[in-house]
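The structure appears below as structure tokens.
4 protein chains.
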Amino acid sequence: MSQRVRIGMIGGGQGAFIGAVHRIALRMDDAFDLVAGCFGRDPENTRVTGAQLGIDPSRCYDSWEQMISDEAKLPEDQRIEAVSIVTPNHVHHGPAKAAMEAGFHVICDKPLCISQEQADDLATTVSSTGRVFALTHNYCASPMAREARERVARGDLGTIRKVFVEYLQGWLSEKLEETGQKQADWRTDPERSGPVGSLGDIGTHAYQLLEFVTGMKVTSIYAKLHTFVEGRALDDDDMVLLEMENGATGTLCSSQVCFGRENGLRLRVFGTKGALEWNQEQPNDLQVTGEDGSVTTIRSATGAAGDAAASLTRTPAGHPEGYLEAFGNIYSAFARAIRGEEQPVDCAYPTVEDGVRGVRFIGSALLSNKENRWVDIPG
Amino acid sequence: MSQRVRIGMIGGGQGAFIGAVHRIALRMDDAFDLVAGCFGRDPENTRVTGAQLGIDPSRCYDSWEQMISDEAKLPEDQRIEAVSIVTPNHVHHGPAKAAMEAGFHVICDKPLCISQEQADDLATTVSSTGRVFALTHNYCASPMAREARERVARGDLGTIRKVFVEYLQGWLSEKLEETGQKQADWRTDPERSGPVGSLGDIGTHAYQLLEFVTGMKVTSIYAKLHTFVEGRALDDDDMVLLEMENGATGTLCSSQVCFGRENGLRLRVFGTKGALEWNQEQPNDLQVTGEDGSVTTIRSATGAAGDAAASLTRTPAGHPEGYLEAFGNIYSAFARAIRGEEQPVDCAYPTVEDGVRGVRFIGSALLSNKENRWVDIPG
Amino acid sequence: MSQRVRIGMIGGGQGAFIGAVHRIALRMDDAFDLVAGCFGRDPENTRVTGAQLGIDPSRCYDSWEQMISDEAKLPEDQRIEAVSIVTPNHVHHGPAKAAMEAGFHVICDKPLCISQEQADDLATTVSSTGRVFALTHNYCASPMAREARERVARGDLGTIRKVFVEYLQGWLSEKLEETGQKQADWRTDPERSGPVGSLGDIGTHAYQLLEFVTGMKVTSIYAKLHTFVEGRALDDDDMVLLEMENGATGTLCSSQVCFGRENGLRLRVFGTKGALEWNQEQPNDLQVTGEDGSVTTIRSATGAAGDAAASLTRTPAGHPEGYLEAFGNIYSAFARAIRGEEQPVDCAYPTVEDGVRGVRFIGSALLSNKENRWVDIPG
Amino acid sequence: MSQRVRIGMIGGGQGAFIGAVHRIALRMDDAFDLVAGCFGRDPENTRVTGAQLGIDPSRCYDSWEQMISDEAKLPEDQRIEAVSIVTPNHVHHGPAKAAMEAGFHVICDKPLCISQEQADDLATTVSSTGRVFALTHNYCASPMAREARERVARGDLGTIRKVFVEYLQGWLSEKLEETGQKQADWRTDPERSGPVGSLGDIGTHAYQLLEFVTGMKVTSIYAKLHTFVEGRALDDDDMVLLEMENGATGTLCSSQVCFGRENGLRLRVFGTKGALEWNQEQPNDLQVTGEDGSVTTIRSATGAAGDAAASLTRTPAGHPEGYLEAFGNIYSAFARAIRGEEQPVDCAYPTVEDGVRGVRFIGSALLSNKENRWVDIPG
């Protein structure tokens with residue numbers, strides 16, 4: 339690994355969940371030094387978090403705007419090279435755009451942002467600034483999700499006919515947002531989450547994984563968004579019928595009111611001569627249906643998995659890796675991109691284009707739901 | 339067990355699959371004597387099949403009409419008491435109606451018949467003749483499907499919110515009907531299968547199981563029927579969004595082009611305080627999500643299963659029962675109904691009403707698919 | 339199927355478990371008529387059971403001796419052709435020998451008998467009378483146990499090195515025999531069970547399955563027998579180290595005090611280039627490790643299973659068969675042997691030789707346990 | 339987290355596997371700075387590895403002796419505080435003893451060392467120097483292994499009767515050591531591995547996990563060690579019968595010739611009123627048998643898991659953690675111990691005493707194997 343990338347973080351202070359995940363992920367392969375941060379809107383939060391993380395107090399900033407402008411003024415060999423954005427959805431577009439315009443690379447949590455305008459603007463900014471932009475759709479960086487993609491791409495399944503992707507959780511079965519639980523609070527608030535709840539929070543993960551593994555675009559959807567918990571402002575359950583560019587059909591279901599389900603992202607793909615299934619809760623297993631119809635479990639880090647998957651594992655077969663390791667893979671690919679190093683795989687990390695497609699998916703689903711009809715997703 | 343019920347069979351000759359199943363099922367608990375039959379349209383088939391089964395040649399009939407009329411003329415203590423109908427769908431209504439009118443009880447394979455008119459007529463005939471009529475939606479007679487129903491009924495899951503039922507097979511991924519395969523041949527032929535393929539053959543099983551387990555009716559559906567295999571006249575893949583009488587929503591997917599899938603009937607039900615999952619391919623296991631969110635496997639024939647499930651098992655825990663045993667449960671309940679004996683469970687066997695609802699489901703799905711809109715299923 | 343075999347049953351009256359199993363098994367493929375019986379030592383039990391089964395009262399006998407002698411006097415086309423023995427272990431040798439000497443074929447529950455002398459005597463009797471003798475080690479007649487045997491035999495696994503077989507139950511974790519539970523009562527009584535408890539009841543199943551699947555004999559064992567439940571006269575837990583004829587080593591564990599375990603018979607075999615695992619509680623699945631180390635689930639009744647396995651299934655893939663069906667396979671093979679018909683597989687049913695080996699295994703284990711040393715099992 | 343612990347590493351250079359694991363583990367929770375190292379016997383290896391890791395070249399040492407002596411001379415606020423030893427087994431005792439005597443805390447890979455004398459000497463050294471000593475039996479730091487321990491300790495299972503622990507791998511099925519594969523090379527070499535192969539490499543993990551989860555000591559064993567691969571100097575397969583301090587019995591099997599098995603460490607414990615099973619390859623699941631005999635899957639990071647397990651997870655339920663995270667837990671506990679901080683759990687990390695017991699287990703197994711008798715393990 340070449341010299342560590344100096345990075346600053348926006349969001350991820352006390353009470354946050356995903357900030358800590360990003361920090362473990364960036365440490366995983368020793369490719370980053372976290373040297374600056376604005377960890378929350380409350381400066382005290384930033385101060386305390388920064389101290390816990392051993393960050394120089396002078397680089398713990400009261401606002402992200404300040405962080406970006408002050409860091410840009412530091413000597414080139416000291417200032418941050420990249421920004422990690424782990425805030426609620428409504429605070430993605432602003433800092434991402436500003437950071438890129440200030441010359442920093444950006445890695446940002448999903449969904450990309452909360453409107454099509456923001457999304458298009460970010461895509462334009464990426465293009466105009468030439469910065470590296472990575473979106474943390476972490477699941478696609480799991481070795482066996484990658485293996486799935488490789489197998490589809492080389493034709494093992496024949497022509498894809500059917501896809502079923504679901505992302506089922508149960509943690510919002512009750513009105514958790516009323517208890518002050520921070521994760522529930524912002525995710526159910528249109529101000530911070532954007533126009534959708536469940537569909538943006540987890541539906542976009544399912545959508546991205548589907549397009550990533552199949553290598554095909556969803557072209558048209560019929561969506562029904564529901565809110566089961568009384569008084570909740572956003573959808574907590576979504577059902578989508580879909581058609582893909584080659585005529586394959588399928589369903590995408592995302593829900594946060596499936597009682598007891600933890601983090602059930604599962605994809606099944608059926609072709610004319612094979613099939614596969616991957617469940618992120620058992621991420622080291624890929625179920626592959628061969629031509630004789632029997633199902634083989636391809637295990638991460640074994641000889642049965644290909645080179646691409648192998649490039650994303652750190653330990654031998656039978657030493658399970660999981661969520662954090664996959665997240666780490668995104669960060670490591672981001673670092674390689676910044677350093678101009680070769681990636682061991684194509685599509686090494688989700689880009690702004692994945693983010694734009696996710697936002698289009700949300701927009702099309704809202705329109706379909708409203709007008710009760712099939713809606714195309716622009717290419 | 340009281341005296342065996344004398345039964346005659348229509349269909350189920352050489353090359354048939356389901357006839358042999360029905361015969362094992364009726365022997366399972368020793369409640370029947372198969373004493374007559376018309377096993378196919380070809381008298382030679384009937385003759386050979388009858389001989390193999392040890393049936394008196396004089397009671398092997400060239401047509402079902404003849405069987406019904408001739409048997410009715412036999413002395414009461416000799417003639418058949420019941421008829422088992424295991425023919426393709428288009429030969430359900432005729433013999434069922436005739437048999438009941440001749441005084442015979444009827445057990446018939448699903449779907450009930452191929453039109454709403456036929457279905458209503460059969461319901462009327464059941465009512466007017468007072469005969470016992472059982473429909474072999476066998477899956478609901480599996481002990482753990484019954485256990486699932488009991489648990490929903492006693493409120494273990496709270497209010498049902500989400501249901502997912504799927505019935506995925508892969509055996510029609512290729513144009514098997516062109517090879518002369520008998521099962522594929524009639525199931526893809528509108529003349530014999532009726533107006534739908536996959537939806538009638540397996541979708542109705544999924545539908546019946548859903549209503550059976552939840553104890554609720556599906557009130558409205560949005561259906562997309564596809565035909566993936568070129569030149570096939572009927573649907574081989576179906577996706578249905580649905581709403582239930584209490585506002586619960588869900589999906590029903592039936593497909594015969596999911597490569598490699600054998601007989602994947604799986605139901606998941608999520609409520610406000612619990613959930614359950616049952617997969618007929620591992621029928622002895624019921625996955626139950628408790629209030630703490632963890633999943634317990636309730637196993638058939640154990641103390642953790644209730645009395646109703648217990649009444650449907652023959653062997654101790656760990657001695658797996660399967661498809662044939664569940665099928666046998668339908669037959670045994672049918673025998674008890676004929677003998678006027680008490681059933682150990684409510685809804686001991688599917689009735690003509692289940693059949694009528696299945697046909698209504700088909701009709702509503704066809705309408706929804708055609709008009710691209712949600713369609714109600716009449717109560 | 340040719341003409342049904344007329345059979346009489348010894349044992350299996352009210353309160354018995356295995357008698358009902360045998361009766362379902364013999365009905366499964368319609369190959370038998372149960373026409374006589376002595377269902378218990380109490381004539382009233384026999385009378386009631388016989389009536390329930392629709393057996394002519396004149397052929398419900400007060401003693402098995404009487405049944406054998408009286409039936410032998412009936413005209414050849416009426417008298418039984420075979421006897422099914424489903425009594426406790428101490429009543430195997432007597433009726434089996436007498437039945438064979440009277441000209442009847444015998445199918446008998448396992449273990450064969452309770453002493454080496456009895457075993458050798460039965461082997462001699464089979465030989466001298468030329469009667470068909472089948473022992474109901476039912477598990478080896480499960481399609482996927484058969485598939486396992488085929489794969490080992492054709493060399494898929496290379497040279498076998500390691501075997502692990504276990505049969506774990508929990509039902510005797512408490513002193514159930516004190517509650518009057520009939521199954522526990524005789525199985526823990528040296529008078530009726532013989533010199534071992536768990537080892538004879540289930541250990542012999544494990545032993546037979548191991549030799550059946552590997553096609554090799556166990557040559558030497560080191561056994562430790564324990565009794566965990568205070569006051570119990572026989573072992574309820576057994577641990578055996580073993581060596582096979584080719585130098586492979588392994589363990590055989592049988593226990594009836596593994597709390598919660600139902601009927602956990604599981605075999606794992608590892609060779610130099612492959613491996614397999616079969617668990618009778620999920621009997622339709624065979625886990626096969628291929629040369630690349632990944633595990634494929636071979637499913638019963640699919641194209642991935644061979645002809646031998648296929649010959650033992652009645653339903654298409656995905657229609658699970660289980661314990662009763664495997665039991666039925668033994669009976670059907672027994673019937674074919676009686677009729678002189680060709681068997682679709684080698685070793686179509688366990689014979690007296692399997693029984694003799696099981697008794698030798700018990701004897702060697704007792705000796706090893708007593709003398710605390712490795713003991714050979716005579717070839 | 340308080341200030342990072344400055345640590346140096348011995349071993350873990352190019353071609354090593356476990357060194358990289360230790361480095362990810364120590365980074366996981368940001369509790370260490372790796373500032374010095376001697377990564378191999380070849381100084382060039384150390385130089386290259388050190389450069390890759392961004393370690394000051396002046397602190398990349400040619401020998402571990404030099405590292406310990408030179409670091410000890412650095413100012414207290416610069417020199418390392420702890421040493422991580424990730425060398426083959428024969429280079430554990432020397433550096434561990436020297437490091438502790440120089441005032442450094444030690445974290446060392448397992449097994450502790452290669453002789454009883456070394457083990458006792460290390461225990462004495464830990465005691466005399468008062469240094470923190472941690473042994474990386476990582477599996478016991480997996481949240482659900484900890485949960486298992488808690489459940490046994492609070493009596494959920496009643497009195498333990500039966501234990502089955504196995505650690506099955508297949509990677510040494512062929513003579514990999516002849517190919518130059520570094521991991522195989524030293525593990526099969528008595529000079530570097532010590533007097534046992536498989537038993538030391540993985541059997542000790544199984545042994546430690548067994549004692550950790552049950553909270554009981556193994557008191558007596560009967561062991562058979564085999565070498566299946568011709569020409570291999572050490573055992574590659576081990577079978578152990580065992581008895582525990584309360585009279586419970588069981589088996590411990592470790593093997594590296596179980597074709598296809600990856601890293602199959604699995605523990606099953608049966609008590610008088612409950613049971614549990616944990617498999618490190620699916621580490622987030624703990625199978626718990628409740629009083630009614632049914633099996634509940636307790637999932638890591640859910641409310642069904644206790645506080646102790648929760649203290650060892652970083653992500654919410656359904657976000658799988660694995661091998662590296664458990665390894666990181668050992669490191670983080672080691673750091674807390676160095677800093678004198680409270681541990682959230684008892685037995686937060688394996689100590690020298692676990693190591694001593696592991697070496698005693700090896701010695702007793704060798705003696706048992708040689709003399710063909712049961713051997714006690716000294717308390």
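Protein chains in written order, with this note's numbering: chain A, 339 to 717; chain B, 339 to 717; chain C, 339 to 717; chain D, 339 to 717.
Glycine included, C-beta positions come from ideal geometry on N, C-alpha and C.
- Item | 8 Å Cβ cutoff, M339(B) in contact with chain C | Its pLDDT being 48, under 50, M339(B) is placed unreliably by the model, and nothing is read from it.
- Return helix, strand or coil for S396(D), following the three-state DSSP convention. helix
- State yes or no: is the beta carbon of I636(A) nearer than 8 Å to at least one beta carbon in chain C? yes
- Message: Check whether the region 616–632 of chain A and the region 555–570 of chain A are in contact - that is, three or more C-beta pairs closer than 8 Å.
- Response: no
- Rounded to whole angstroms, how far is the Cβ of R525(D) from the Cβ of G541(D), which I believe are closer than 8 Å? About 12 Å; that fails the 8 Å criterion.
- Query: Relative to chain C, which residues along the region 641–664 of chain B have a C-beta separation below 8 Å, given in chain order?
  - Reply: R652, T653, P654, A655, G656, H657, P658, E659, G660, Y661, L662, E663
- For a contact meaning CB atoms closer than 9 Å, what does M582(B) contact in chain A? The premise fails here: M582(B) is roughly 13 Å from chain A at the closest Cβ pair, so nothing lies under 9 Å.
- E629(A) to S638(A) span [Cα, whole Å]: 21 Å
- Task: With 8 Å as the threshold, decide whether the Cβ of Q352(A) is near any Cβ in chain B.
- Result: no
- Query: Between the region 680–697 of chain B and the region 385–396 of chain C, are three or more C-beta pairs nearer than 8 Å?
  - Reply: no
- Message: Once the 5 residues before and after G388(B) are set aside, which same chain residues still bring their CB inside 7 Å of it?
- Response: G375, F377, P395, C398
- Is the beta carbon of G590(C) sitting closer than 8 Å to the one on Y545(C)? For the record, residue 590(C) in the displayed sequence is Leu; it is not Gly. For L590(C) and Y545(C), yes; Cβs fall inside 8 Å.
- Task: Go ahead and pull the three-state DSSP assignment for N710(C).
- Result: coil
- Task: Determine the direct distance from the alpha carbon of N667(C) to that of A664(B), and round the result to whole angstroms.
- Result: 19 Å
- Item | Residues sharing a beta bridge with Q625(B), DSSP | E615(B), T635(B)
- Task: Measure the C-alpha to C-alpha separation of D684(C) and D692(C) and round it to an integer number of angstroms.
- Result: 14 Å
- Message: With H, G and I counted as helix, E and B as strand and the rest as coil, what does DSSP make of G346(D)?
- Response: strand
- Task: Measure the beta-carbon distance from N427(A) to G532(A) and round it to whole angstroms, keeping in mind my assumption that it falls under 8 Å.
- Result: 5 Å
- Message: On a Cα-Cα basis, can you pick out the residue from P682(C), H443(C), V578(C), P481(C) that is closest to T463(C)?
- Response: H443(C)
- Item | Sequence ranges, beta strand (DSSP E) only - wholly within the region 364–409 of chain C, length at least 3 | 370–376
- Query: Less than 7 Å between the CB of A522(C) and some heavy atom of the ligand SAM, yes or no?
  - Reply: By its list of ligands, the structure shown contains no ligand whatsoever, and the ligand SAM lies outside what it can speak to.
- Item | Start-to-end residues for the alpha helix (DSSP H) that takes in H543(D) | 542–552
- For L372(B) versus Y477(B), is the C-beta distance shorter than 8 Å? no
- Task: Output the boundary residues of the beta strand (DSSP E) element that contains D523(B).
- Result: Note, D523(B): premise wrong, no beta strand (DSSP E); alpha helix (DSSP H) at 520–525.
- Query: If you compare alpha carbons, which of F672(A), Y661(A), A675(A) is closest to S288(A)?
  - Reply: Residue 288(A) is absent from the structure shown; chain A starts at 339 and stops at 717.
- Query: How many angstroms separate the CA atom of T634(C) from the CA atom of E583(D)?
  - Reply: 41 Å
- Span of the alpha helix (DSSP H) around M670(B): The residue asked about is misnamed: residue 670(B) is Ser in this sequence, not Met. Taken as a continuous stretch (DSSP letters only), the alpha helix (DSSP H) holding S670(B) covers 661–677.
- Task: Within the same chain, show all residues whose beta-carbon is closer than 7 Å to that of E529(C), passing over the 5 residues directly before and after it, in chain order.
- Result: H428
- Query: Just by C-beta distance, which residues in the region 561–574 of chain A are closer than 7 Å to chain B?
  - Reply: K562, H564, F566
- Thinking C-alpha only, which one of A673(B), D368(B), D494(B), K500(B) is nearest Q594(A)? K500(B)
- Could you tell me the boundaries of the beta strand (DSSP E) in which E581(B) lies? 575–582
- Task: Taking the CB atoms as reference points, tell me whether I636(D) and L650(D) lie closer together than 8 Å.
- Result: no
- Item | Neighbourhood of E419(A) by C-beta, 8 Å cutoff - its chain only, sequence neighbours within 5 removed | V343, R344, I345, F442, H443, I676
- Beta-carbon neighbours of A613(D), restricted to chain C and to distances below 9 Å: G508, C596, F597, G598, R599
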